[in-house]
Amino acid sequence: MLWITLFASAACVASAAETINAAGATFPAPIYQKWFEDFHKAHPDTQINYQAIGSGGGIRQLVEGTVDFGASDMPMTDDQLSKVTRYKVLHFPTVLGGIVPTYNVPGAASIKFSGDTLAGIYLGNIKKWNDAALKKDNPGLNLPNEDITVVHRSDGSGTSFVFSDYLSKVSPEWKTKVGVNASVNWPVGLGGKGNEGVAGLVKQTPNSIGYVELIYAVQNKMDYGAIKNAAGNFVKADFNTVSEAAAGAAKEMPADFRVSINNAPGKNAYPISTFTWLLIPDKIGDAAKKKSITDFLQWMMTTGQGDAQGLSYAPLPKQVVAKEQKQIALIK
Amino acid sequence: MGTAVVTAPQQTRSRKLVKLLRDGDQIAHLVTFLFAASVFLVTVFLVYELWIHSGPSRTKFGFSFLTGKTWDPVAEQFGALPFIYGTVLTSIIALLISVPLGVGAAIFLSELAPPKVSNACTFLVELLAAVPSVIFGLLAIFTLVPIMRRYVEPFLKHTLGFLPQFQGPAYGVGYLSAGLILSIMTFPFIISISREALLSVPREQREAALALGATKWESTWQVVVPYARLGILGSIFLALARALGETMAVTMVIGNDTGIHTSLLSPGYTIAAIIANEFTEATGDVHLSALVELGLVLFALTMVLNAAAQLLIVATTGKGSKQP
Chain R
0 MLWITLFASA
10 ACVASAAETI
20 NAAGATFPAP
30 IYQKWFEDFH
40 KAHPDTQINY
50 QAIGSGGGIR
60 QLVEGTVDFG
70 ASDMPMTDDQ
80 LSKVTRYKVL
90 HFPTVLGGIV
100 PTYNVPGAAS
110 IKFSGDTLAG
120 IYLGNIKKWN
130 DAALKKDNPG
140 LNLPNEDITV
150 VHRSDGSGTS
160 FVFSDYLSKV
170 SPEWKTKVGV
180 NASVNWPVGL
190 GGKGNEGVAG
200 LVKQTPNSIG
210 YVELIYAVQN
220 KMDYGAIKNA
230 AGNFVKADFN
240 TVSEAAAGAA
250 KEMPADFRVS
260 INNAPGKNAY
270 PISTFTWLLI
280 PDKIGDAAKK
290 KSITDFLQWM
300 MTTGQGDAQG
310 LSYAPLPKQV
320 VAKEQKQIAL
330 IK
Chain S
0 MGTAVVTAPQ
10 QTRSRKLVKL
20 LRDGDQIAHL
30 VTFLFAASVF
40 LVTVFLVYEL
50 WIHSGPSRTK
60 FGFSFLTGKT
70 WDPVAEQFGA
80 LPFIYGTVLT
90 SIIALLISVP
100 LGVGAAIFLS
110 ELAPPKVSNA
120 CTFLVELLAA
130 VPSVIFGLLA
140 IFTLVPIMRR
150 YVEPFLKHTL
160 GFLPQFQGPA
170 YGVGYLSAGL
180 ILSIMTFPFI
190 ISISREALLS
200 VPREQREAAL
210 ALGATKWEST
220 WQVVVPYARL
230 GILGSIFLAL
240 ARALGETMAV
250 TMVIGNDTGI
260 HTSLLSPGYT
270 IAAIIANEFT
280 EATGDVHLSA
290 LVELGLVLFA
300 LTMVLNAAAQ
310 LLIVATTGKG
320 SKQP
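Quick note, the sequences are listed as chains R and S, same order.
Following numbering that gives the first Met the number 0, the numbering of the first sequence begins with 0 at its first residue and continues without gaps.
Following numbering that gives the first Met the number 0, the numbering of the second sequence begins with 0 at its first residue and continues without gaps.
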């Protein structure tokens, strides 16, 4: 009996606050959890629950209307948007991330890759570390005459989506043979589950190469390579070079924010970078809910951005924030 | 509940109570019937759901889904053969290792070991059976895979390299490592259940064999083990079921490659592993329903193997000593 009373009172407390349900991407989940918690502290009457079930799951749940808003590492496709008839979905970029090549080559600490070379390795065309293409990117570096063991993500992920999108942009062969998706038909290589699976395989297997999120590489103090950007410079990923990629792309930002910032212009722009988005309906029937969500978006773009670097994400460039703030007015 | 009714001293009670108990009988009958029916209903519901949600994939690919070798989410071309192959192959490797190991250990623990050793070992075995599979997966990644790559696989290539099964680069991850980790995960089941089966063989059976002049081993191998055959087979099929459906540990060590390879050292894929890997991020309708159809295939595969198991039991029962 006591338990029932306790549960009942707990339910009452919960229902007094506006409860908003959201689901989606795992990559930004750490900062989203912190944001929703901090926002709840500042606005005790709003409680946002976030389920990190993956970008695909977030989009699906939004389309089916089981959550109030979704989150994704990849923008929704036209096909997916056309399935939502009751309202339009607005894309709100929240933070930025980069994807870095990590490798285990004895004797070579810092390796540079041009886009073509990276695509060649992942297509299986470049099989040895001392291949002419790799030697050309790394003059003076003594690369071993060993087979390259390629490692990719086995689970469908926004990381793979961004990586395959980058390879499609720099390699016509990748575009026609493999294409872009959260999971693709990898021509070569071993699959590791999650960032930790890829990192584990690369660490253990001599002469291997993989790709992980910048955050993961930074937090685990892993070595990673520089990549040649559109301006022709070899750039290593960090918060500044990733933010610069976003600033470079911001000038030509489409009105709906569905943009790939891979291979962005800019002298120091890191070429494998991405936004991650919140997917918000433009019609929210419940007035209190609408106010909570728009309040949160405002807060996220101002106070919230301050949390980004501490959690190893790159914050949004100012031009993008200004543009997004205008989009908030579209929520009716 | 049934035993309580049977052992109750009914004759000394009043008629009213007898009637009440009879009614209780019927209530118990109904309640337990509903419980049993729920198993059936859940199974039917499961198949129904899998069937409905795999619709787009079934209409697009038909039976070619089972023979297709391509898994391309971008082009939306899906075939299940690499996964069926990987699932069956890793399960076979697992059972080839865990059955002799498990049954042998069970014979020792039930027949030959001193009771103290037997009890201690059984406790450990049951502890092993309760370890979550992700722990086995992590153990495999950090311990088994490096050992396989550095020592076991080069050794196999050196000694058995003339066979196509032991050729190709030694990555450490692949069918063989997945089979090995599955064998470690399944053999506690085999030991635990086989031991129970062996212990439940009546003393008279052993004594009769010994009285006829059999040695201890002859009595164990020719009388006790055949008598406990059903239980031992049951344990093997439970192990098989676990091996077929195991997800986390396998996906961490199998290498997740969608090709079909002869070499046991090559990376491969299983049905459960690809569902776990791709389900959360599958956005295309066909992709999603192809994954659901894989679930249906796994269900059918389990059914077929279970049916084969039943047939095997029917075929072998009747020969040898009669079962209780």
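C-beta atoms are modelled at their ideal positions from N, C-alpha and C, and glycine is treated no differently.
These numbers come from a predicted model, not from an experiment.
{"query": "Straight-line Cα distance separating A289(S) from D306(R)", "result": "40 Å"}
{"query": "Three-way DSSP call (helix, strand, coil) for G97(R) in this model", "result": "strand"}
{"query": "Rounded C-alpha distance that separates L300(S) from T89(S)", "result": "14 Å"}
{"query": "Three-state secondary structure assigned by DSSP to D146(R)", "result": "strand"}
{"query": "Euclidean distance between Cα positions of K192(R) and S56(S)", "result": "25 Å"}
{"query": "M251(S): contacting residues in chain R (beta-carbon distance under 7 Å)", "result": "K192 and G196"}
{"query": "Cβ neighbour criterion (16 or more within 10 Å) applied to D332(R)", "result": "Because chain R here runs from 0 to 331, residue 332(R) falls outside it and cannot be looked at."}
{"query": "Chain-ordered neighbours of Y170(S) on chain R, where CB pairs are closer than 8 Å", "result": "T148, L189 and T204"}
{"query": "Residue range of the unbroken alpha helix (DSSP H) whose run includes I91(S)", "result": "L80 to I106"}
{"query": "Which listed residue (V258(R), P143(R) and P205(R)) has its alpha carbon closest to that of V149(R)", "result": "P205(R)"}
{"query": "Partners in chain R for I140(S), counting only beta-carbon separations shorter than 7 Å", "result": "G199"}
{"query": "Cβ-based neighbour list, E323(R), same chain, cut-off 8 Å, excluding 5 preceding and 5 following", "result": "F91, P92, F256, L296, M300 and L315"}
{"query": "Three-state secondary structure assigned by DSSP to A10(R)", "result": "Only weak support exists for where A10(R) lies, its pLDDT of 45 falling under 50; the value from the coordinates is given anyway. Correct three-state label for A10(R): helix."}
{"query": "Touch test, the stretch 165-175 of chain S against the stretch 135-153 of chain S, Cβ-Cβ under 8 Å, three pairs minimum", "result": "yes"}
{"query": "Contacts around L200(R), its chain only, beta-carbon distance under 7 Å, and the 5 residues preceding and following it disregarded", "result": "V150, L189, G191, S207 and G209"}
{"query": "Closest residue to W70(S) among W185(R), Y31(R), T175(R) and A132(R) (Cα-Cα distance)", "result": "W185(R)"}
{"query": "Outcome for D24(S) when other beta-carbon atoms lying within 10 angstroms are tallied against a minimum of 16", "result": "exposed"}
{"query": "Cross-strand partners of H151(R) (DSSP beta bridge)", "result": "G190(R)"}
{"query": "Contact set for K250(R): own chain, Cβ-Cβ below 8 Å, skip 5 residues either direction", "result": "Q318"}
{"query": "Secondary structure of E245(S), DSSP reduced to three states", "result": "coil"}
{"query": "Closer than 8 Å to chain R by CB, D71(S)", "result": "yes"}
{"query": "Contact between the stretch 154-166 of chain R and the stretch 269-279 of chain S (3+ Cβ pairs under 8 Å)", "result": "yes"}
{"query": "Beta carbon proximity, I391(R) to chain S, threshold 8 Å", "result": "For residue 391(R) there is no data in the structure shown, the boundaries of chain R being 0 and 331."}
{"query": "Chain S contact for N405(R) (CB, 8 Å cutoff)", "result": "The displayed coordinates of chain R run from 0 to 331. Any statement about residue 405(R) would go beyond what the structure contains."}
{"query": "Proximal chain S residues relative to A70(R), where beta-carbon distance stays under 7 Å", "result": "Result: empty, since nearest Cβ-Cβ is about 13 Å, beyond 7 Å."}
{"query": "Near-chain R residues of the stretch 247-271 of chain S - C-beta to any C-beta below 9 Å", "result": "M247, T250, M251, I253, G254, N255, D256, T257, P266 and Y268"}
{"query": "K250(R) beta carbon near the ligand ZN (any heavy atom closer than 7 Å)", "result": "The ligand ZN is absent from the structure shown, which contains no ligand whatsoever."}
{"query": "Continuous beta strand (DSSP E) stretch holding S71(R): start and end", "result": "F68 to S71"}
{"query": "Contacts that E152(S) makes with chain C (C-beta to C-beta distance below 8 Å)", "result": "Judged by its chain identifiers, the structure shown contains no chain C, and its protein chains are R and S."}
{"query": "Cβ of D154(R) within 8 Å of any chain S Cβ", "result": "yes"}
{"query": "N- and C-terminal bounds of the beta strand (DSSP E) containing Y31(R)", "result": "No beta strand (DSSP E) holds Y31(R); the alpha helix (DSSP H) holding it covers A28 to A41."}
{"query": "Spatial distance of G178(S) from I140(S) (CA atoms)", "result": "14 Å"}
{"query": "Any chain S beta carbon closer than 8 Å to G55(R)", "result": "yes"}
{"query": "Where D71(S) falls: helix, strand or coil (DSSP)", "result": "strand"}
{"query": "Cβ neighbour criterion (16 or more within 10 Å) applied to I3(R)", "result": "Residue placement at I3(R) cannot be trusted, given a pLDDT of 48 that sits under 50; what the coordinates show is reported in the next sentence. So I3(R) counts as exposed."}
{"query": "Reduced DSSP secondary structure (H/G/I, E/B, other) of E125(S)", "result": "helix"}
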